[in-house]
Amino acid sequence: MEKKNNKLAILLNGIIKENPVLVLLLGTCPALATSSSVANGVGMGLSATAVLICSNIVISILRNVIPDKVRIPCYIVIIAGFVTVVQFVLQAYVPSLYASLGLFIPLIVVNCVILGRAEAFANKNNVIDSALDGIGIGLGFTLALGAMGAIRELFGAGTLLGITIIPEQFTIGFFGLAPGGFFVYGILIALLNAATKGKALKAKSFSCGVCPMYNSCNVAEANEEYLEKKGAEA
Amino acid sequence: MVNLIVIFMAVVLVNNFLLSQFLGVCSFLGVSNKMSSSVGMGGAVIFVMFIAELVTWPIQQLLNKFEIGYLQTVVFILVIASLVQFVEMFMKKFLPALQKALGIFLPLITTNCAILGATINAINYDYTYLQSIVYAVGAGVGYMVAMVLFAGVREEKLWDESGVPTPFKGVPMVLISATILSLSFMGFTGLFQ
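So the protein sequences, as listed, match chains A and B. Quick note on numbering: the first sequence equals residues 2 to 235 in the numbering used here. Quick note on numbering: the second sequence equals residues 570 to 762 in the numbering used here.
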């Protein structure tokens with residue numbers, strides 16, 4: 002029973018406690034760009050979820066085979082492979098979604114949520130846990146994008162999933178445009194802060210430390226140099 | 570020539586990568602808290618965009634020739650990643666001064682979606698070699714402009730932190746100010762057809 006609870010905790014962790022978009026502040030680019038409607042947001046979320054689950058499983062299987070030094074390029078190759086698969090599937094079965102997401106489908110490769118989970122979870126845990134983590138984080142991502150999409154579509158276009166709710170003369174076009182993305186994201190985080198008295202947010206500010214690549218991107222002494230410089234400035 | 574200028578200005582102002590296309594927003598929000606690092610990051614992005622475009626456009630032609638255009642995503646990300654590594658090593662050996670200024674930001678850029686986005690966009694728009702290079706440099710310049718402007722806003726603390734309602738302190742306020750900057754860039758819409 003203990004063990005089962007543990008698995009459930011891994012699954013739920015990503016949806017609420019470590020929601021990638023609203024709590025960890027990851028994957029901001031696709032979150033802002035594809036959340037102009039519910040269908041786009043959820044479509045993007047599910048595509049990323051599919052890639053995340055597959056890449057988590059494969060990386061977890063290979064975690065003892067991949068040499069530590071070249072792990073990031075290996076992860077990128079694995080992720081890029083699955084992104085290409087998703088690209089084909091979307092193009093074949095939901096061409097309208099494929100057209101509206103456009104550039105952001107290939108850009109799932111550089112989505113920091115996926116690379117971040119590979120680095121933080123999949124290369125340390127077994128296959129089943131990694132798959133569950135992928136499902137949880139993916140659903141959290143989808144949920145956040147869906148929520149943002151719902152708000153932006155409702156106020157921006159007056160519709161929800163294409164059904165008109167607010168008559169056209171009362172809509173606020175701002176929400177559907179680029180600034181509306183930043184705005185709704187800010188408001189959602191503020192609401193979360195208000196509801197949990199600021200306890201929920203894991204990342205307190207936008208900085209390099211938020212980035213999952215932070216510990217691994219410093220391929221050489223680049224980061225040491227950076228930190229030294231920072232220390233000297235401070 | 571006019572065509573090239575239009576491409577350049579359109580991507581700097583109208584379709585600004587950060588503020589209207591949401592490409593590279595992670596680094597935009599992450600690095601823009603300091604003016605000096607914003608300038609460095611902007612410079613590094615322009616540089617990498619340029620060399621990435623220089624290399625990926627011919628590669629796409631090669632892929633098209635062998636009818637394996639669908640490998641675009643995999644090939645581009647690998648080429649960009651290895652290119653950044655190579656350039657870093659090259660600079661360390663031959664251009665230490667430049668390496669000092671830009672080098673620390675280079676590893677960060679590999680997984681920046683703005684770079685991959687610009688290279689894929691240039692292919693999707695059917696640009697010629699010269700046009701795509703101008704497009705990439707323009708995208709980099711637009712990135713730097715937005716970055717420096719926003720760093721100015723954040724560093725100078727143009728809003729009074731004590732007047733901000735508690736739930737909005739920190740992250741939400743940064744996003745709200747990004748909203749206003751993005752809104753001001755909306756003014757350029759329709760400048761070029």
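Backbone N, C-alpha and C define an ideal beta-carbon position, used for all residues, glycine too. Keep in mind it's a predicted model, so treat the numbers as computed, not measured.
Closer than 8 Å at the beta carbon, the chain B residues around residue i
i: A:C113; result: C595 and T680
i: A:G147; result: In chain order: nothing, as chain B lies at least about 17 Å away.
i: A:V78; result: V643 and L647
i: A:L23; result: Residues of chain B passing the Cβ test: none, with the nearest at roughly 10 Å.
i: A:G82; result: V643
Through-space distance from residue j to residue i, alpha-carbon basis
i: A:K198; j: A:A179; result: 29 Å
i: B:S746; j: B:L752; result: 10 Å
i: A:C209; j: A:Q170; result: Any reading at A:C209 needs caution, since the residue's pLDDT is 49, under 50, leaving its predicted position unreliable; the model's value is listed next. Their Cα atoms are separated by approximately 43 Å.
i: B:E622; j: B:V714; result: 20 Å
i: A:N124; j: A:G28; result: 20 Å
i: B:V581; j: B:N690; result: 15 Å
i: A:F122; j: A:L53; result: 12 Å
i: A:L13; j: A:L133; result: 9 Å
i: A:I136; j: A:F105; result: 20 Å
i: B:G709; j: B:F577; result: 10 Å
i: A:F1; j: A:N65; result: The shown model of chain A, from 2 to 235, leaves out residue 1 of chain A, and the question about it has no answer.
i: A:A10; j: A:C55; result: 20 Å
i: B:G609; j: B:F597; result: 12 Å
i: B:D695; j: A:V95; result: 24 Å
i: A:I129; j: A:I164; result: 39 Å
i: B:V706; j: B:I692; result: 15 Å
i: A:I173; j: A:G157; result: 5 Å
i: A:T160; j: A:S37; result: 11 Å
i: A:I77; j: B:L632; result: 20 Å
i: B:A579; j: B:L760; result: 8 Å
i: A:A195; j: B:T735; result: 8 Å
i: A:R153; j: A:V110; result: 26 Å
i: B:L592; j: B:L667; result: 26 Å
i: B:K661; j: B:A613; result: 14 Å
i: B:Q629; j: A:L192; result: 45 Å
i: A:K70; j: B:V656; result: 19 Å
i: B:F674; j: A:N112; result: 18 Å
i: A:G103; j: A:I115; result: 19 Å
i: B:T679; j: A:P168; result: 45 Å
i: B:I749; j: B:S731; result: 20 Å
i: A:F175; j: A:A32; result: 17 Å
Residue i: contacting residues in chain A (beta-carbon distance under 8 Å)
i: B:Y639; result: T85, Q88 and F89
i: B:M755; result: L178, A179 and P180
i: B:I628; result: Simply none; closest approach about 15 Å.
i: B:L685; result: P107, L108, V110 and V111
i: B:V614; result: Within 8 Å Cβ-Cβ: nothing; B:V614 doesn't reach chain A, min ~14 Å.
Residues that DSSP places opposite residue i in a beta bridge
i: A:L1; result: No answer is possible for residue 1 of chain A: it lies beyond the span of chain A, which begins at 2 and ends at 235.
Beta-carbon gap between residue i and residue j smaller than 8 Å
i: B:G599; j: B:M716; result: no
i: B:V583; j: B:F757; result: yes
i: B:V653; j: B:V617; result: yes
i: B:L573; j: B:Y712; result: no
i: A:L146; j: A:A40; result: no
i: A:S61; j: A:N126; result: yes
i: B:L744; j: A:G181; result: no
i: A:L23; j: A:L155; result: no
i: A:A51; j: A:V87; result: yes
i: B:C682; j: A:C75; result: no
i: A:G42; j: A:G177; result: no
i: A:S131; j: A:I73; result: no
i: A:L108; j: B:G686; result: yes
Contact set between residue i and chain A, taken where Cβ atoms lie within less than 9 Å
i: B:N572; result: Neighbours of B:N572 on chain A: none; closest Cβ ~22 Å, over 9 Å.
i: B:P665; result: Within 9 Å Cβ-Cβ: nothing; B:P665 doesn't reach chain A, min ~12 Å.
i: B:F635; result: Ordered by position in chain A, no residue passes the 9 Å Cβ test against B:F635, which lies about 16 Å from the chain.
i: B:L718; result: Residues of chain A passing the Cβ test: none, with the nearest at roughly 14 Å.
i: B:I689; result: L104, P107 and L108
Residue i: contacting residues in chain B (beta-carbon distance under 7 Å)
i: A:N41; result: The premise fails here: A:N41 is roughly 13 Å from chain B at the closest Cβ pair, so nothing lies under 7 Å.
i: A:Y186; result: L744
i: A:T29; result: V594, C595 and L598
Under 7 Å from the C-beta of residue i: neighbouring residues of chain A
i: B:S751; result: A179, P180 and F183
i: B:T748; result: P180, F183, F184 and G187
i: B:F737; result: A191
i: B:A650; result: P74 and I77
Residue i: contacting residues in chain B (beta-carbon distance under 9 Å)
i: A:A34; result: Q590, F591, L592 and V594
i: A:L116; result: T680
i: A:N194; result: T735, P736, F737, K738, G739, V740 and P741
Check: residue i C-beta below 7 Å from any heavy atom of the ligand PLP
i: B:L752; result: Judged by which ligands are present, the structure shown has none, so any question about the ligand PLP falls away.
> Per the contact definition of three or more C-beta pairs closer than 8 Å, is the stretch 721-735 of chain B in contact with the stretch 601-609 of chain B?
Replying inline: yes
> Pairing CB atoms from the stretch 68-84 of chain A with CB atoms from the stretch 635-649 of chain B, are three or more of them under 8 Å?
Replying inline: yes
> Are the stretch 15-25 of chain A and the stretch 96-108 of chain A touching by the rule of at least three beta carbon pairs closer than 8 Å?
Replying inline: no
> Using 8 Å as the threshold, is the stretch 33-50 of chain A in touch with the stretch 134-142 of chain A, meaning 3 or more CB pairs across them?
Replying inline: yes
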